[in-house]
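**Q** Below is a structure I'd like to ask you about.
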């Protein structure tokens, strides 16, 4: 059975999941441990470059949607997507440069433990900057998906949204998942929800799992935890909900708190 080509809002929600995975990998405490931290960073460079290419691809896809009027909202979304790609590409360059520094420190003198430690500490600071870019990327993808879904519905270029079959708390949970805010951990042997600003209950997450709208993926092992992501059906359901919601104002799309270029307080997740 052939599946329909994902719409632009669906692609944005999938891209947001990619940013969340990238963030989680960058904040893994094992990233810079072991015998080959430079190799670990190099693999994250490739992942960041893939994310940047997809962000540019989404901007290009918007330009070629048949009959789509390039309103102020659509132009804002295209600009935000290109800006996001540029920031991710710069973060990838930062990681690539950091990998080179780590490799040089390791090759310079195998016995220079202090030099290698200093290089790894600086690498952690730089990785945290890149993680902050990824964290913001998840949220920006959701904001763009909301705006574009609303515009496609307003211009009658998308099927009319079906009546809501989910409770408001379930839709709120879907949005929190799309923003990269929902992670499951264990406390005294019992599961609990590690969340951001949005209040999400464990029962809401479990109900979405039963409906096949979200799934769990293992996160870095210390502490043991699982990240919750949207499934394809989850992206479809959330896109329909976003089309029903009021489109964001043009000024609401885009980075509001860009990460610093030389310092960071660490990723806010």
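Residue numbers (my numbering): 7 to 275. Where a beta carbon is used, it is the ideal one built from N, C-alpha and C, also for glycine.
Return the first residue and the last residue of the alpha helix (DSSP H) that residue 39 is part of.
**A** For the purposes of this step, residue 39 is taken as residue 33 along the chain shown, with counting starting at 1. Per DSSP, residue 39 belongs to no alpha helix (DSSP H) and is neither H nor E.
**Q** Check residue 57 in the structure and name its three-state DSSP category.
**A** Residue numbering aside, residue 57 sits at position 51 when the chain shown is read from its first letter. If DSSP states are grouped into helix, strand and coil, residue 57 belongs with the helices.
**Q** Determine the direct distance from the alpha carbon of residue 81 to that of residue 254, and round the result to whole angstroms.
**A** Counting from 1 along the chain shown, the entry for residue 254 is found at position 248. Counting from 1 along the chain shown, the entry for residue 81 is found at position 75. Legend: pLDDT at residue 254 = 42, less than 50; position of this residue unreliable, value from coordinates given subsequently. Distance between the alpha carbons of residue 254 and residue 81: 13 Å.
**Q** Could you tell me which of 184, 249, 243 and 161 sits nearest to residue 73, measuring between CA atoms?
**A** Counting from one through the chain shown, the residue named residue 73 turns up at place 67. Checking every option, the nearest Cα to that of residue 73 belongs to 161.
**Q** Just verifying my parser: in three-state terms, what is the DSSP assignment at residue 235?
**A** Translated into positions along the chain shown, residue 235 becomes position 229. In this structure, residue 235 counts as strand in the three-state DSSP scheme.
**Q** For residue 174, is the classification buried or exposed, using 16 other Cβ atoms within 10 angstroms of its Cβ as the cut-off for buried?
**A** The sequence position of residue 174 within the chain shown is 168, counting from 1. So residue 174 counts as exposed.
**Q** Check for me: the alpha helix (DSSP H) holding residue 126 runs from which residue to which?
**A** Within the chain shown, residue 126 is the residue found at index 120, counting from 1. 119–160 is the extent of the alpha helix (DSSP H) around residue 126.
**Q** Do the CB positions of residue 124 and residue 176 come within less than 7 Å of each other?
**A** Numbered from its first residue, the chain shown carries residue 124 at position 118. Numbered from its first residue, the chain shown carries residue 176 at position 170. No, the Cβ-Cβ distance between residue 124 and residue 176 is not below 7 Å.
**Q** Over what stretch of residues does the alpha helix (DSSP H) that includes residue 29 continue unbroken?
**A** One-based indexing of the chain shown puts residue 29 at position 23. Its alpha helix (DSSP H) spans residues 14–32.
**Q** Assuming residue 58 and residue 98 make a contact with CB atoms under 8 Å, what is their CB distance in whole Å?
**A** Within the chain shown, the letter at position 52 stands for residue 58. Within the chain shown, the letter at position 92 stands for residue 98. Sure, about 7 Å apart at Cβ, within 8 Å.
**Q** Look at the alpha carbon of residue 76 and the alpha carbon of residue 68, and state the distance between them as a whole number of angstroms.
**A** Position 70 of the chain shown holds residue 76. Position 62 of the chain shown holds residue 68. Straight through space, the alpha carbons of residue 68 and residue 76 are spaced by roughly 9 Å.
**Q** Leaving out the 5 sequence neighbours to the left and right, which residues in its chain are closer than 6 Å to residue 257 when beta-carbon positions are compared?
**A** For the purposes of this step, residue 257 is taken as residue 251 along the chain shown, with counting starting at 1. In this prediction, residue 257 has a pLDDT of 42, which is less than 50 and means its spatial position is unreliable; what the coordinates show is noted afterwards. Hits under 6 Å: none found.
**Q** Tell me whether the beta-carbon of residue 62 lies closer than 7 Å to the beta-carbon of residue 147.
**A** For the purposes of this step, residue 62 is taken as the residue at position 56 of the chain shown. For the purposes of this step, residue 147 is taken as the residue at position 141 of the chain shown. No, they are not a contact pair.
**Q** Sorted by chain position, which residues of the same chain lie with C-beta nearer than 6 Å to residue 137's C-beta, five sequence neighbours on each side aside?
**A** Position 131 of the chain shown holds residue 137. These residues qualify, in order along the chain: 29, 32, 33 and 273.
**Q** According to DSSP, is residue 193 part of a helix, a strand, or is it coil?
**A** For the purposes of this step, residue 193 is taken as residue 187 along the chain shown, with counting starting at 1. Three-state result, residue 193: strand.
**Q** Do residue 249 and residue 159 have their beta-carbon atoms positioned less than 7 Å apart in this structure?
**A** Taking the first residue of the chain shown as position 1, residue 159 is located at position 153. Taking the first residue of the chain shown as position 1, residue 249 is located at position 243. In this structure, residue 249 lies closer than 7 Å to residue 159 by Cβ.
**Q** Determine the extent of the alpha helix (DSSP H) in which residue 212 is found, giving its start and end residues.
**A** Here residue 212 corresponds to residue number 206 of the chain shown, with the count starting at 1. Where residue 212 is concerned, the enclosing alpha helix (DSSP H) stretches over 208–216.
**Q** Please name the residue or residues paired with residue 72 in a DSSP beta bridge.
**A** What you label residue 72 is simply residue 66 of the chain shown in a count that begins at 1. DSSP lists no partner for residue 72.
**Q** What residues in its chain sit with their C-beta under 6 Å from that of residue 23, if we drop five residues either side in the sequence?
**A** For this step, residue 23 is matched to residue 17 along the chain shown. Result list for residue 23: 235, in chain order.
**Q** Rounded to whole angstroms, what is the Cα-Cα separation between residue 232 and residue 208?
**A** For this step, residue 232 is matched to residue 226 along the chain shown. For this step, residue 208 is matched to residue 202 along the chain shown. Residue 232 and residue 208: Cα-Cα distance of roughly 13 Å.
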